[in-house]
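A short worksheet on the structure shown next.
Chains as they are written, first to last, in the numbering used here: chain Z, 24 to 193; chain R, 1003 to 1089.
Given below as structure tokens:
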């Protein structure tokens, strides 16, 4: 079983090179491993998705609020300019905040569930995203009863499958 | 003197062989070539490797213990103390 192949002994081994790189970077390798363990943990990923979802949802809500919803135009134009601006900004803030909350919850639940499923299965493939999408869709539609939950599951799972497929094979 | 150096070399060889087998086994079981999209280990692979190494070590320890027990029983049944060479 032993091999007497010493042709690569003059080159530094992978371990040596990695160690040197880590040493030059200034971070203790144990600390670097602890950092990477933290950033790859499920709660951290979930919180990151929460933050990213909040930001994205805020932007989305701000854009969507530009579409006119329920302003009574006669009454609106009679107000002073300052009042109009104030009301518009308040409406924009409300819509963007509500959209941000929604997106944040969706992102956190999806990311957390996907991470947990992947940890359990110890595999990295497309079925993690599909299952997590189904659970997220069902959880979001929980108030609507079983049929709504089923539809939500199917819809979100299909959406997640499409995005994952594009990212993996596109 | 010669015996001790030889034993040390043998121990180093066994250690190196153990490590080689461990890495080869767990790499083939956990890292699927279908998804070589970036160099970092993703969560599933990291978890799989953790479990694989743990199981490998546990198997090795268990078999060593069992082999020692069985060997010890055999030696005792042949009327010899442990550590004696067979004449």
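Just so you know, even glycine gets a beta-carbon here, dropped at the ideal spot from N, CA and C.
For residue 91/Z, no alpha helix (DSSP H) encloses it, and the DSSP letter there is neither H nor E. With contacts defined by Cβ atoms closer than 8 angstroms, residue 175/Z and residue 164/Z form a contacting pair.
Chain-order list of chain Z residues neighbouring residue 1048/R: 63, by C-beta distance under 8 angstroms. Fewer than three beta-carbon pairs drawn from the segment 81–100 of chain Z and the segment 129–142 of chain Z are found closer than 8 angstroms, and the two stretches are therefore not classed as touching. In the assembly as shown, residue 1036/R is an exposed residue. Its beta-carbon has fewer than 16 other beta-carbons within 10 Å. In the displayed model, residue 97/Z falls within a helix according to three-state DSSP. Residue environment analysis places residue 179/Z among the buried positions, since at least 16 neighbouring C-beta atoms fall within 10 angstroms of its C-beta. Judged by their CB atoms, residue 147/Z and residue 1044/R are nearer to each other than the 8 angstroms cut-off. Between the segment 144–158 of chain Z and the segment 99–113 of chain Z there are fewer than three C-beta pairs closer than 8 angstroms, too few to call the two in contact.
With a contact defined as Cβ atoms closer than 8 angstroms, residue 1031/R and residue 1054/R qualify at about 6 angstroms.
Shown here, residue 43/Z sits in a helix according to DSSP, grouped into three states. A distance below 6 angstroms between beta-carbons, with the five flanking residues on each side excluded, links residue 126/Z to the following residues of its chain, in chain order: 76, 79 and 80.
For residue 119/Z, the CB contacts under 6 angstroms within the same chain, skipping 5 residues up- and downstream, are 81, 84 and 85 in chain order.
Residue burial annotation: residue 160/Z is buried, with at least 16 other C-beta atoms found within 10 angstroms of its C-beta.
Interface with chain R (8 angstroms Cβ-Cβ cutoff): residue 144/Z is included. When Cβ-Cβ separations below 8 angstroms define contact, residue 1053/R makes contact with chain Z.
Inclusion of residue 72/Z and residue 130/Z in the CB contact set at 8 angstroms is warranted, their separation being smaller than that value. Within chain Z, not a single residue places a beta-carbon under 7 angstroms from that of residue 1057/R; the smallest gap is close to 12 angstroms. Counting along the chain, residue 105/Z sits inside the alpha helix (DSSP H) bounded by residues 104–144. Exclusion of the five residues before and after residue 69/Z leaves 131, 134 and 135 as the residues of its chain whose Cβ lies within less than 6 angstroms of its Cβ.
What residue 138/Z touches in chain R, judged by beta-carbon distance under 8 angstroms, is 1045, going in chain order. Put simply, the CB of residue 106/Z is far from chain R, with every gap to its CB atoms at 8 angstroms or more.
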